[in-house]
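Trainee:
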Amino acid sequence: MGFFDETFDLMAPNDRRVEGVAKVTGAGKYAAEYKVDGLCHAVLVGSTIAAGTIKNINVDNAKQVSGILDIVTHLNKPLVPGLADEAKIKEARLGLAIFHTDKIFFKGQPIAMVIAETLEDATYAASLITAEYEKTDAHVDFDAALKKVPLTPAGKERGNIETLNKATQTVEAEYNIKAEVHNPMEMHATIAEWKADDKLKLFDKNQGVNSVQRTFAKLFNIPTDNIEVISEFVGGGFGSGLRVWPHALACIMAAKQVKRPVKLMLTRPQMFYSVGYRPAAWQKIKLGANSDGKFVGIHHQAKNGTSVYENFNEGITRVTRLIYHFDNLKTEAATVPLNLSTPTWMRGPGDCTGDFAIESAIDELSYKLNMDPVALRMKNLALDKHPDNGMPWSTNYINECIEKGAQMIGWKDRKPAHSQTIDGDWSIGYGMAVGAWNAGRGNASAGIQMQKDGAIIVQTAMTDIGTGTGVSMQNIAHEQTGISKSKINIELGNSNLPPAPSQGGSNGLSSIGGAVVAAVSALKLKLAGYAAGQNEAYQNAAPADILLSDSGISLKTPNEQFISYAALWEKNNLDVLEVEASSGPGAERQKYAFCSSAAHFCKLRVNRKTGKVKLERMVTVADGGKIISEKAAANQMSGAAVGGIGMALMEEQQTDERLGTLVGNDFAGYHFPVNSDAPIIEVAFVNKPDPNINPQGSKGLGEVGIIGTAAAIANAIYNATGKRLRDLPITPDKVLLG
Amino acid sequence: MRPFLFSKSSAANQALAKKNHSTQFIAGGTNLVDLMKKHIANPESLVDISSALPNKVENTTKGISIGAMMRNSATANDAIILAKFPLVAKAILAGASPQIRNMASAAGNLLQRTRCPYFYDVTTPCNKRQPGSGCSAINGENRMSAVAGYSEQCVAVHPSDLCVALAALDASVVVNDKDGKTQTIAFQDFHRLPGNTPQKDNNLPANALIRAIEIAANPFAKNNAYVKLRDRDSYAFALVSVAAALHLNGDKIVEARLASGGVAHKPWRWLAAEKYLKGKTANIANFEAAANIAIKDLKPLSHNGFKIPMLKGAIETALKQCLDL
Chain Z
1 MGFFDETFDL MAPNDRRVEG VAKVTGAGKY AAEYKVDGLC HAVLVGSTIA
51 AGTIKNINVD NAKQVSGILD IVTHLNKPLV PGLADEAKIK EARLGLAIFH
101 TDKIFFKGQP IAMVIAETLE DATYAASLIT AEYEKTDAHV DFDAALKKVP
151 LTPAGKERGN IETLNKATQT VEAEYNIKAE VHNPMEMHAT IAEWKADDKL
201 KLFDKNQGVN SVQRTFAKLF NIPTDNIEVI SEFVGGGFGS GLRVWPHALA
251 CIMAAKQVKR PVKLMLTRPQ MFYSVGYRPA AWQKIKLGAN SDGKFVGIHH
301 QAKNGTSVYE NFNEGITRVT RLIYHFDNLK TEAATVPLNL STPTWMRGPG
351 DCTGDFAIES AIDELSYKLN MDPVALRMKN LALDKHPDNG MPWSTNYINE
401 CIEKGAQMIG WKDRKPAHSQ TIDGDWSIGY GMAVGAWNAG RGNASAGIQM
451 QKDGAIIVQT AMTDIGTGTG VSMQNIAHEQ TGISKSKINI ELGNSNLPPA
501 PSQGGSNGLS SIGGAVVAAV SALKLKLAGY AAGQNEAYQN AAPADILLSD
551 SGISLKTPNE QFISYAALWE KNNLDVLEVE ASSGPGAERQ KYAFCSSAAH
601 FCKLRVNRKT GKVKLERMVT VADGGKIISE KAAANQMSGA AVGGIGMALM
651 EEQQTDERLG TLVGNDFAGY HFPVNSDAPI IEVAFVNKPD PNINPQGSKG
701 LGEVGIIGTA AAIANAIYNA TGKRLRDLPI TPDKVLLG
Chain G
739 MRPFLFSKSS AANQALAKKN HSTQFIAGGT NLVDLMKKHI ANPESLVDIS
789 SALPNKVENT TKGISIGAMM RNSATANDAI ILAKFPLVAK AILAGASPQI
839 RNMASAAGNL LQRTRCPYFY DVTTPCNKRQ PGSGCSAING ENRMSAVAGY
889 SEQCVAVHPS DLCVALAALD ASVVVNDKDG KTQTIAFQDF HRLPGNTPQK
939 DNNLPANALI RAIEIAANPF AKNNAYVKLR DRDSYAFALV SVAAALHLNG
989 DKIVEARLAS GGVAHKPWRW LAAEKYLKGK TANIANFEAA ANIAIKDLKP
1039 LSHNGFKIPM LKGAIETALK QCLDL
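Chains as they are written, first to last, in this note's numbering: chain Z, 1 to 738; chain G, 739 to 1063.
Set out below in structure tokens:
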């Protein structure tokens, strides 16, 4: 059946994204696409040096360009109260005090902002601005700088690490990963409009409207409720929208300066140094096991890059304390300040980096032990309890992920020794790795509006960054109410709606699901309250006893006591019925530990003559509790796997120490996978509910899809060729010279 | 982007009349627009020549002529090209993306500028962009840079795939100068090595226009291959690429052609390897020997030593693919 033969009814989507049609037809608007009366445009001008002090900024030529409204610099700006002095800057935790300092910390740091009637005028004028600097020494080479920073303990030592020396087999190796830059398809953008001196409206690309609201309320010293943030459609987040970045503040300052609504959209080159990146990392692992494969212990050391004006610690060794039992464990870490913009969370932050080293080392150990890497892992999984805090898992089906994945890929066809399967110039191999993530949940609120015809709108401030939050809310609301999906609309990504946490850290659905369930209960009780006026049977009915349908309310009793919504509405003179409810984690967090997990398998071929790696199959099986929306969940997993291919094989932000610069800032040189690099990702789920994490039993999937992918690929390259490649990305040159 | 004047010409002589030092011709614009956005090219006026030049592949007495305005995707799908010079189509399809190929012109492909990252970053020194400012790549990030034919002034490589095939097939470039005179430049003489004038990519005369690319009839339509190694499977510039073509008589090589991208400032011919293969039996041992001859005198920079074994592998692979091995 061809794609266009599929029966498709726009009005009755079947598990399709609630925002899908709007997105693909262009009706859905991204932040930069809103039309606002009187809108003008701001363009940022970046520093051409990486460290020093601004001595002079020449804006004379820029001012000659027609249509220029104003030029903001650190000498000509509306003062942001929250950045008024050094103490306040520190307290604001914005990172870069944009336009409130003459210091330069990295190349590309905004030193000026042109505001003009048109984008073209602003862009042209921005190109005419020059500056003089007093330069100081800059360092951007992570590999060189990391040697100068000492390690410090990261968490408590377990057992005695010296015991590792008694292990039958040990692996000791170093792993390096290059920085990966955030470049979601939608570039970050803000439209800011001051509705009054203390009232602000923002269309903004981010992963949490309430966080944006709070940040600017504090910076401008105005009530949170005076700031409206709209992020209804988000074209990819991956962590880049979890922080409020300086350019958004710049846009708000521009709107203040010219007293008009202003749009500021980052250019693709600016994206390379404005919205964070997965920092470069160095790791050293010493891992040991007894001859039966039981792990003796692990010593994990890690360093990641950060900026000189902020400290960002990835938490690379967190995952070391999550998946396996290590009776003896020592973790150490350090951050390495560089003259680059501050890194940030990127899908599977920390764990993704740490897991690559651990899972590579385990694979290496399996060959030394002559043990199947699947069997070695199964022997050491911490299935009974969280290996660090000792609490019993609520659920942890990582073993089932491994078993199912092994079966799907045909793991039995893998040769135990490397370089055994040859096809002409190609060598074929299999690899696997696992990943896990502490599964969280936050406090969230949801609202429901119901019409006389039984149609409902479920609302939350939470954004849907492409993860399928909307369709999942619809599914939960449908399951809880019995109302048809076609009568359930979803509204999200607006700070006027019931508050919710940012969408990140695999917490989105886990948090909002409970709020939807709570809101449905509130709706049922409210309806039952009105129904009680017509039928006493509804008095004191509990939500579980109440059934809703497209047409009315009834009770779970033999004679149902059905009352139509129309009758309720007429009798009580109702217009729109509104409820709001909140839900969050509770006592279960003191009883259980929670994790999502996944197993990744791949089969690939390596060309011995050219170094080319071609993935043939990728299988990823996840334990995400109950799967609420299978298509959206599978989409999450396959997208993450493709991100993992990028991390494993091609993504790399190069730097030039002599010039204090990133090398390249476009997609000609920075490679992420294209369709041809990825096979069809075969996704499966354990799909067993976690009874304790939240009412719907689902655990977040966003991170585990990528944690372990890179190691699975590197391990398969070893199985194919006998080359143990420990530095990412594994580009063809490394394969050839390895 | 700086403001500029834009006009359209419907004939070559009309376009040429408008050309001066501050004017640039624009065809597909797939490279020029990027260069303008980054303030590397700063023309005061643009003359759109997309209606001013031939856009067909035509049979000629000697072979074929590819019109300068032939879009890359059209060339790659042209029946004459596919029948007589399939290597050209293979090379085109190994480059860029469908969207870019739909816009890019045949002549423009010859004139695209290097993709050296320092050339594109106006805050860094680059002799090609700003003569005399220095070469950032020679002692910097030069993984993609040249391994042959470079100078202290410039280590950039020419980014085209099409040009590698055209070099292998001994094409020629037909040029109209300002006075309307036509001149034919052999392909190997069209692009330059950097020497002391890295700002000059090629020998196109000032204020002249490429009218067509000609390829003489040849016996390479049956056994040819284009192999491109890159950091991802599609839409990336070559680490190295190889165009190979064999004229066979039974299993004897009558004549061989070998050219590469990602090696030098111009498409690079492996003449000594071609000479070695002439008259030899087409087998793996001879292909390996030819590849070894090709890589013998290459001079890698600090970060691109891998290109030597990669070229060897790519040449062997391309020659084997000529035989469908």
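Ideal Cβ placement from N, Cα and C applies to all residues, glycine included.
1) Can you look up Q503 of chain Z in the DSSP assignment and give me helix, strand or coil?
2) In the DSSP output, which residue or residues are listed as bridge partners for S979 of chain G?
3) Check each residue of the region 862-874 of chain G: if its Cβ is closer than 7 Å to any Cβ of chain Z, include it; give the result in chain order.
4) Identify which residue in Z:L338, Z:K294, Z:T731 has its Cα closest to the Cα of A50 of chain Z.
5) Which value, in whole angstroms, describes the spacing of the CA atoms of I398 of chain Z and C595 of chain Z?
6) State whether the region 530-537 of chain Z contacts the region 248-266 of chain Z, with contact taken as three or more CB pairs (one from each stretch) at a distance under 8 Å.
7) Distance, Cα to Cα, P865 of chain G vs K1050 of chain G?
8) Along chain Z, which residues have their Cβ under 7 Å away from the Cβ of A842 of chain G?
9) T460 of chain Z and A446 of chain Z - do their beta-carbons sit closer together than 7 Å?
10) Could you name the residues that DSSP lists as bridge partners for D423 of chain Z?
11) State the beta-bridge partners of R809 of chain G as determined by DSSP.
12) The beta strand (DSSP E) that contains M185 of chain Z, what's its start and end?
13) Hey, is L659 of chain Z's beta-carbon within less than 7 Å of any beta-carbon in chain G?
14) Taking Cβ-Cβ distances shorter than 7 Å, what residues in chain G pair up with P673 of chain Z?
15) Using C-beta distances below 6 Å, list every residue in its chain close to A189 of chain Z, excluding the 5 sequence neighbours before and after it, in chain order.
16) Return the Cβ separation of E703 of chain Z and D351 of chain Z in integer angstroms, given the expectation that the two are a contact with Cβ distance under 8 Å.
17) For the candidate residues Z:A640, Z:R658, Z:A716, whose alpha-carbon lies nearest to that of F672 of chain Z?
18) Keeping to the same chain, check which residues put their C-beta closer than 6 Å to that of A280 of chain Z; ignore five residues upstream and five downstream.
19) Please identify the residue among G:Q868, G:G833, G:T1019, G:A790 whose C-alpha is closest to the C-alpha of K938 of chain G.
20) Over what stretch of residues does the beta strand (DSSP E) that includes R617 of chain Z continue unbroken?
21) Specify whether the region 1022-1041 of chain G and the region 940-948 of chain G touch according to this definition: at least 3 beta carbon pairs, one from each stretch, less than 8 Å apart.
22) Just curious, the beta strand (DSSP E) that Q301 of chain Z is in, first and last residue?
23) So, is the C-beta of M432 of chain Z closer than 7 Å to a C-beta in chain G?
24) The beta strand (DSSP E) that contains C251 of chain Z, what's its start and end?
25) Note down the Cα distance separating H182 of chain Z from A714 of chain Z, rounded to an integer number of angstroms.
26) If you measure between the beta carbons of N810 of chain G and N1042 of chain G, is that distance less than 7 Å?
27) Give the C-beta separation of A518 of chain Z and S582 of chain Z to the nearest angstrom, bearing in mind that I take them to be a contact with Cβ-Cβ under 8 Å.
28) Run through chain Z and tell me which residues come within less than 8 Å of T1055 of chain G, C-beta to C-beta.
29) State the CB to CB distance for the pair Q474 of chain Z and K487 of chain Z, rounded to an integer number of angstroms; the pair is presumed to be in contact (CB under 8 Å).
30) By Cβ distance, which residues of its chain are closer than 7 Å to Q762 of chain G, with the 5 residues on each side in sequence left out?
31) Taking C-alpha atoms, which residue in Z:P558, Z:G508, Z:L151 lies nearest to K330 of chain Z?
32) Taking all protein chains shown into account, decide if F744 of chain G is buried (16 or more other Cβ within 10 angstroms of its Cβ) or exposed.
33) Using DSSP with H/G/I as helix, E/B as strand and the rest coil, what is A333 of chain Z?
34) Between the C-alpha atoms of A97 of chain Z and S597 of chain Z, what's the straight-line distance to the nearest angstrom?
35) Anything in the region 300-318 of chain Z with a Cβ closer than 7 Å to a Cβ of chain G? List those residues in chain order, please.
36) Going by alpha carbons, who is nearest to P110 of chain Z out of Z:E117, Z:E120, Z:F99?
Mentor: Let's see:
1) As a working note, residue 503 of chain Z is residue 503 in the first sequence. Q503 of chain Z: coil per DSSP, three-state reduction.
2) Locating residue 979 of chain G in the second sequence gives position 241, where the first residue counts as 1. Per DSSP, G:K966, G:G999.
3) T862, S874
4) The residue labelled residue 50 of chain Z in the question sits at position 50 within the first sequence. Of Z:L338, Z:K294, Z:T731, the residue nearest in Cα terms is Z:L338.
5) As a position in the first sequence, residue 398 of chain Z is number 398, starting the count at 1. As a position in the first sequence, residue 595 of chain Z is number 595, starting the count at 1. Straight-line Cα distance between these residues: approximately 9 Å.
6) no
7) Along the second sequence, one-based indexing puts residue 865 of chain G at 127. Along the second sequence, one-based indexing puts residue 1050 of chain G at 312. For the sequence presented, residue 865 of chain G should be read as Asn rather than Pro. Cα to Cα, the separation comes out at about 30 Å.
8) Reading the second sequence from its first residue, position 104 is the one you call residue 842 of chain G. Per Cβ cutoff of 7 Å: no residues; A842 of chain G is ~14 Å from chain Z at best.
9) Against the first sequence, residue 446 of chain Z aligns to sequence position 446. Against the first sequence, residue 460 of chain Z aligns to sequence position 460. Yes. Within cutoff.
10) Here residue 423 of chain Z refers to the residue found at position 423 of the first sequence. Beta-bridge pairing links D423 of chain Z to Z:W426.
11) Counting from one through the second sequence, the residue named residue 809 of chain G turns up at place 71. Paired residue(s): G:S843.
12) Residue numbering aside, residue 185 of chain Z sits at position 185 when the first sequence is read from its first letter. Run containing M185 of chain Z: none; DSSP gives neither H nor E here.
13) The sequence position of residue 659 of chain Z within the first sequence is 659, counting from 1. Chain G, which has a Cβ nearer than 7 Å to the Cβ of L659 of chain Z, makes this yes.
14) For the purposes of this step, residue 673 of chain Z is taken as the residue at position 673 of the first sequence. The answer, in chain order, is R970.
15) Within the first sequence, the letter at position 189 stands for residue 189 of chain Z. Cβ neighbours of A189 of chain Z beyond the five flanking positions: A31, A32, K205, M265.
16) Reading the first sequence from its first residue, position 703 is the one you call residue 703 of chain Z. Reading the first sequence from its first residue, position 351 is the one you call residue 351 of chain Z. Between D351 of chain Z and E703 of chain Z the Cβ distance is about 7 Å, and since that is below 8 Å, they are a contact.
17) Taking the first residue of the first sequence as position 1, residue 672 of chain Z is located at position 672. Taking only the C-alpha atoms, the option nearest F672 of chain Z is Z:A640.
18) Stepping through the first sequence from its first residue, residue 280 of chain Z is reached at position 280. Counting only Cβ-Cβ distances below 6 Å, and skipping sequence neighbours, we find F142, K178, A179, G305.
19) If you number the second sequence from 1, residue 938 of chain G lands on position 200. Among G:Q868, G:G833, G:T1019, G:A790, the Cα nearest to that of K938 of chain G is on G:Q868.
20) The sequence position of residue 617 of chain Z within the first sequence is 617, counting from 1. Element bounds for R617 of chain Z: 613-623.
21) no
22) Within the first sequence, numbered from 1, the residue matching residue 301 of chain Z stands at position 301. Here the beta strand (DSSP E) through Q301 of chain Z covers 295-307.
23) Here residue 432 of chain Z refers to the residue found at position 432 of the first sequence. No, its Cβ sits nowhere closer than 7 Å to a Cβ of chain G.
24) For this step, residue 251 of chain Z is matched to residue 251 along the first sequence. First-last for C251 of chain Z: 246-258, but that is the alpha helix (DSSP H), not the beta strand (DSSP E).
25) Working through the first sequence from its first residue, we reach residue 182 of chain Z at position 182. Working through the first sequence from its first residue, we reach residue 714 of chain Z at position 714. Roughly 23 Å separates the two Cα atoms.
26) In the second sequence, residue 810 of chain G corresponds to position 72, counting from 1. In the second sequence, residue 1042 of chain G corresponds to position 304, counting from 1. Cβ distance not < 7 Å, so N810 of chain G and N1042 of chain G don't count as in contact.
27) Residue mapping note: residue 518 of chain Z aligns to position 518 of the first sequence, counting from 1. Residue mapping note: residue 582 of chain Z aligns to position 582 of the first sequence, counting from 1. Yes, A518 of chain Z and S582 of chain Z are in contact; Cβ-Cβ is about 7 Å, under 8 Å.
28) For this step, residue 1055 of chain G is matched to residue 317 along the second sequence. Within chain Z, the residues near T1055 of chain G are D425, N607, K609, T610.
29) Within the first sequence, numbered from 1, the residue matching residue 474 of chain Z stands at position 474. Within the first sequence, numbered from 1, the residue matching residue 487 of chain Z stands at position 487. Between K487 of chain Z and Q474 of chain Z the Cβ distance is about 10 Å, and since that is not below 8 Å, they are no contact.
30) For the purposes of this step, residue 762 of chain G is taken as residue 24 along the second sequence, with counting starting at 1. Taken in chain order, the residues that qualify are L770, A779, P781, L784.
31) Position 330 of the first sequence, counting from 1, holds the residue named residue 330 of chain Z. When each option's Cα is compared against that of K330 of chain Z, the closest is Z:L151.
32) Translated into positions along the second sequence, residue 744 of chain G becomes position 6. Result: exposed.
33) Looking up residue 333 of chain Z in the first sequence gives position 333. Strand, per DSSP.
34) Position 97 of the first sequence holds residue 97 of chain Z. Position 597 of the first sequence holds residue 597 of chain Z. Between A97 of chain Z and S597 of chain Z, the C-alpha separation is close to 39 Å.
35) none
36) The residue given as residue 110 of chain Z occupies position 110 in the first sequence. Considering only alpha carbons, the answer is Z:F99.
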